[in-house]
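Same order as they appear, the protein sequences are chains A and B.
Take any residue in the first sequence, note its place counting from 1, add 974, and you have its number in my numbering.
Take any residue in the second sequence, note its place counting from 1, add 7, and you have its number in my numbering.
Taking it in order: structure first as structure tokens, then the write-up.
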Amino acid sequence: MAEGYPQFGAMQSFVNAHEWVWAVCQMIHYVGVSLIVGIVGTLDLRILGLFKNIPIAALRPLVPWAIVAFIANLLTGIIFVTGKSSGPGYFFDNLSFQLKMLFVLLAFVNLAIFQLTGLEERVYATPADGNAPAAAKAVSVFSLLAWVLIIFFGRTLQYNDTLLLFLGM
Amino acid sequence: MVVGVNTLIALRLLGVAREIPLAGLRRLYGIVWIGFLINLASGLLLFIAEAHTMVAMVAFWGKMMFVAMGMVVAALLKRQYFTDVASVQAGVVTRVGRNLAIMSLACWYLALIFGRLTAYPDMVSGWLKALGRGT
């Protein structure tokens, strides 16, 4: 099954030898995703026009927390992929994992568009009680969608057969 | 929706992102409630599917306890602190507000950790046995 993929023997035996490693990494991964979606999602909803009594710029200091959480999830994610005893093929050949990574990638393309087109500065310049630019609202809708799907496919990873069955594949 | 937003509120009360007006936080509780109801509904279905294994699990009851405490703390925060209009308008975080924020963070992250532990019942019972032996 893991044919053709590089194997990470040292990590696999480490994870195998210590049952708590996987459990603790999962906790960190869950805490991380809560922080990311709690912060990014609130920012998205404010850009879409909810809670207008919070100025958008006021939410900005929370963004570094989401970035730290993302890095933590990237690192724990690498531990999952390299440490899985049956090999990284478990993830690479898993449709849920592939879709999850696709949406992580798309969330980043979305973020790049947000930052490189100057939308970010325009959004943070929105006056308190004001409306964000329409283009920013489109970015926010996509961001919300992407993160919901990232969590969804992250969860179905473990039940990939059910997902395939459901999709008629 | 529950943990993320409660974290955001607690962080603000503890001094992060001071530019967020305190009065604005109250409306975020709408998201907390929506998230909680979704989790309650899906959680009940999951519980029905595996009730016999769940009731026997220490980690499950730990999680339920911290979820319940987290919701009580959230309700207290909303009622005790956010109705203190004078403090909220003046941008003052009272001691009650700060203490409840710390409790909120503790409850939600412990609930998350215990929830994850329900996937490892053998590991948890191993730990409990080790504790019982005094090792």
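By construction, the Cβ of each residue, glycine as well, lies at the ideal position given by its N, Cα and C atoms.
Examine chain A for any beta-carbon lying closer than 9 Å to the beta-carbon of residue i, and answer yes or no.
{"i": "residue 18 (chain B)", "result": "yes"}
{"i": "residue 48 (chain B)", "result": "no"}
{"i": "residue 88 (chain B)", "result": "no"}
{"i": "residue 57 (chain B)", "result": "no"}
{"i": "residue 136 (chain B)", "result": "no"}
{"i": "residue 128 (chain B)", "result": "no"}
{"i": "residue 23 (chain B)", "result": "yes"}
{"i": "residue 13 (chain B)", "result": "yes"}
Could you check the C-alpha separation between residue i and residue j for me, to the nearest Å?
{"i": "residue 1003 (chain A)", "j": "residue 1088 (chain A)", "result": "25 Å"}
{"i": "residue 56 (chain B)", "j": "residue 1135 (chain A)", "result": "19 Å"}
{"i": "residue 976 (chain A)", "j": "residue 1063 (chain A)", "result": "Low local confidence applies: a pLDDT of 47 at residue 976 (chain A) is under 50, so the model's placement there is unreliable, with the coordinate-based value given in what follows. Near 4 Å, if we compare the C-alpha coordinates of residue 1063 (chain A) and residue 976 (chain A)."}
{"i": "residue 37 (chain B)", "j": "residue 991 (chain A)", "result": "44 Å"}
{"i": "residue 1018 (chain A)", "j": "residue 1115 (chain A)", "result": "7 Å"}
{"i": "residue 58 (chain B)", "j": "residue 1131 (chain A)", "result": "23 Å"}
{"i": "residue 131 (chain B)", "j": "residue 62 (chain B)", "result": "14 Å"}
{"i": "residue 1023 (chain A)", "j": "residue 1102 (chain A)", "result": "11 Å"}
{"i": "residue 18 (chain B)", "j": "residue 1015 (chain A)", "result": "16 Å"}
{"i": "residue 1108 (chain A)", "j": "residue 1083 (chain A)", "result": "18 Å"}
{"i": "residue 102 (chain B)", "j": "residue 1001 (chain A)", "result": "30 Å"}
{"i": "residue 51 (chain B)", "j": "residue 67 (chain B)", "result": "13 Å"}
{"i": "residue 1054 (chain A)", "j": "residue 1045 (chain A)", "result": "14 Å"}
{"i": "residue 110 (chain B)", "j": "residue 44 (chain B)", "result": "21 Å"}
{"i": "residue 1021 (chain A)", "j": "residue 60 (chain B)", "result": "43 Å"}
{"i": "residue 983 (chain A)", "j": "residue 996 (chain A)", "result": "16 Å"}
{"i": "residue 83 (chain B)", "j": "residue 53 (chain B)", "result": "29 Å"}
{"i": "residue 1031 (chain A)", "j": "residue 1099 (chain A)", "result": "7 Å"}
{"i": "residue 92 (chain B)", "j": "residue 1104 (chain A)", "result": "24 Å"}
Shorter than 8 Å, the distance from the beta carbon of residue i to the closest heavy atom of the ligand HEM, or not?
{"i": "residue 1057 (chain A)", "result": "The ligand HEM is absent from the structure shown, which contains no ligands of any kind."}
Using a Cβ cut-off of 9 Å (strictly closer), state whether residue i contacts chain B.
{"i": "residue 1059 (chain A)", "result": "no"}
{"i": "residue 1008 (chain A)", "result": "yes"}
{"i": "residue 1029 (chain A)", "result": "yes"}
{"i": "residue 1033 (chain A)", "result": "yes"}
{"i": "residue 991 (chain A)", "result": "no"}
{"i": "residue 1013 (chain A)", "result": "yes"}
{"i": "residue 1019 (chain A)", "result": "yes"}
{"i": "residue 1036 (chain A)", "result": "yes"}
{"i": "residue 1050 (chain A)", "result": "no"}
{"i": "residue 975 (chain A)", "result": "For residue 975 (chain A), the predicted model reports a pLDDT of 49, less than 50, meaning its position is unreliable; a value from the coordinates is still stated below. By this cut-off, residue 975 (chain A) is not an interface position."}
{"i": "residue 1001 (chain A)", "result": "yes"}
Throw me the rounded Cβ distance for the residue i and residue j pair, which I believe falls under 8 Å.
{"i": "residue 115 (chain B)", "j": "residue 69 (chain B)", "result": "In fact, because the Cβ distance is near 13 Å, the residues do not count as touching under 8 Å."}
{"i": "residue 20 (chain B)", "j": "residue 105 (chain B)", "result": "6 Å"}
{"i": "residue 125 (chain B)", "j": "residue 71 (chain B)", "result": "Contact flag wrong, Cβ pair sits at about 10 Å."}
{"i": "residue 85 (chain B)", "j": "residue 34 (chain B)", "result": "The pair is not a contact, with the Cβ atoms about 11 Å apart (cut-off 8 Å)."}
{"i": "residue 1086 (chain A)", "j": "residue 1097 (chain A)", "result": "Rounded, the Cβ-Cβ distance is 15 Å, inconsistent with contact."}
{"i": "residue 1036 (chain A)", "j": "residue 23 (chain B)", "result": "7 Å"}
{"i": "residue 88 (chain B)", "j": "residue 107 (chain B)", "result": "6 Å"}
Between residue i and residue j, is the Cβ-Cβ spacing less than 9 Å?
{"i": "residue 12 (chain B)", "j": "residue 1012 (chain A)", "result": "yes"}
{"i": "residue 1058 (chain A)", "j": "residue 1123 (chain A)", "result": "no"}
{"i": "residue 1007 (chain A)", "j": "residue 1125 (chain A)", "result": "yes"}
{"i": "residue 1081 (chain A)", "j": "residue 1093 (chain A)", "result": "no"}
{"i": "residue 80 (chain B)", "j": "residue 118 (chain B)", "result": "no"}
{"i": "residue 98 (chain B)", "j": "residue 25 (chain B)", "result": "yes"}
{"i": "residue 985 (chain A)", "j": "residue 1069 (chain A)", "result": "no"}
{"i": "residue 1028 (chain A)", "j": "residue 31 (chain B)", "result": "yes"}
{"i": "residue 1077 (chain A)", "j": "residue 1043 (chain A)", "result": "no"}
{"i": "residue 979 (chain A)", "j": "residue 1061 (chain A)", "result": "yes"}
_Give the list of continuous alpha helix (DSSP H) stretches no shorter than 4 residues that lie fully inside the segment 67 to 130 of chain B._
Segments of the alpha helix (DSSP H) lying fully in the segment 67 to 130 of chain B: 92 to 97, 102 to 124.
*asked:* In chain order, what are the residue ranges of uninterrupted beta strand (DSSP E) at least 3 long that sit wholly in the segment 995 to 1023 of chain A?
replied: Secondary structure within the segment 995 to 1023 of chain A: not one fully enclosed beta strand (DSSP E) run of 3 or more consecutive residues is present.
*Ordered list of alpha helix (DSSP H) runs contained in the segment 1048 to 1121 of chain A, each at least 4 residues*: The segment 1048 to 1121 of chain A contains these whole alpha helix (DSSP H) runs: 1063 to 1066, 1069 to 1090, 1093 to 1098.
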